[in-house]
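Down below is the structure, laid out as structure tokens.
Residue numbers (the working numbering): 4 to 125.
Rendered as structure tokens:
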């Protein structure tokens, strides 16, 4: 008998060191595959711990990729379970630090101000 998991149970496996994913109502423990993924680990971490059927299909994975999934299968999604909102580990890390450099905005403004000054006042 196949083990059933709720969306809530899958959602707690959302880190690089413990990552599960749902594809076509099947639950996969892809933790060991994170380093091997040709598209990089960030894609898996961003889509992990939730139903990733749409993104998986959108990429157009090869038949070999679909066969590879079989070794990571741990069960199926409980049909009585409801999807939950999952916050990826990457989102938490990004929220905690400042994004970007203020010079990327300030420098073009200074250059523009210099051009305007030179054109109209010099």
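Glycine is no exception: its CB is placed at the ideal position from the N, C-alpha and C atoms.
Sheet register partners of residue i (DSSP bridge)
i: residue 7; result: 79
Beta-carbon spacing of residue i, residue j below 8 Å
i: residue 89; j: residue 14; result: yes
i: residue 54; j: residue 86; result: yes
i: residue 19; j: residue 60; result: no
Supposed contact pair residue j and residue i - C-beta distance, whole angstroms, cut 8 Å
i: residue 25; j: residue 56; result: 7 Å
i: residue 65; j: residue 9; result: Incorrect: roughly 30 Å between the Cβ atoms, too far for contact.
i: residue 77; j: residue 37; result: At roughly 15 Å, the Cβ-Cβ gap does not stay under 8 Å, so residue 77 and residue 37 are not in contact.
i: residue 7; j: residue 52; result: About 17 Å; that fails the 8 Å criterion.
i: residue 58; j: residue 70; result: About 19 Å; that fails the 8 Å criterion.
The alpha helix (DSSP H) enclosing residue i, as first and last residue numbers
i: residue 108; result: 106-124
i: residue 68; result: 66-72
query = Which ranges would you report for the alpha helix (DSSP H) in the segment 15-60 if only whole runs of at least 4 residues count?
reply = 44-50
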